[in-house]
Amino acid sequence: MSWGINFERELKLGEETAVTHKMSPEEVRRTGAEGSKRPPGNNNPGEVLHQRRKLPFSPATMAVTGFGITAAIGFMVLYAKKKPEASASDVAKVATGAGDPKDTHPRE
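Numbering (numbering that gives the first Met the number 0), first residue to last: 0 to 107.
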């Protein structure tokens, strides 16, 4: 069996669809595959690039979820940066510019 043959251009009898977008117009006419000629990709009218008409969740739900994920990541970053003697709120104050680093020293 020779692998040099372009199997996509061969039209077998009884085959439902043919790969005609790689054939020349003469080859399509010669094989009798005019009925199966179609553009490549999705053939559903109204769909553009596999986009959905409706989102899986409402925009409000996605916004609240995004805010929650951002808040959780922010808390973990602040918690990782805090010193043993400082609280996470002290680190948040310093990070936002509302406090001074001296506020993170141990209280007496």
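Note that the Cβ used here is the ideal one computed from N, Cα and C, for glycine as well.
Between GLY98 and ASP89, the CB-CB gap stays under 9 Å. Pairing LYS101 with GLU84, the inter-Cα distance amounts to about 12 Å. Annotation: the continuous alpha helix (DSSP H) that includes LYS92 extends over 87–95.
With contacts defined as CB atoms closer than 9 Å, PHE56 and THR64 qualify as a contacting pair. TYR78 is positioned such that its CB atom lies closer than 9 Å to that of ALA87.
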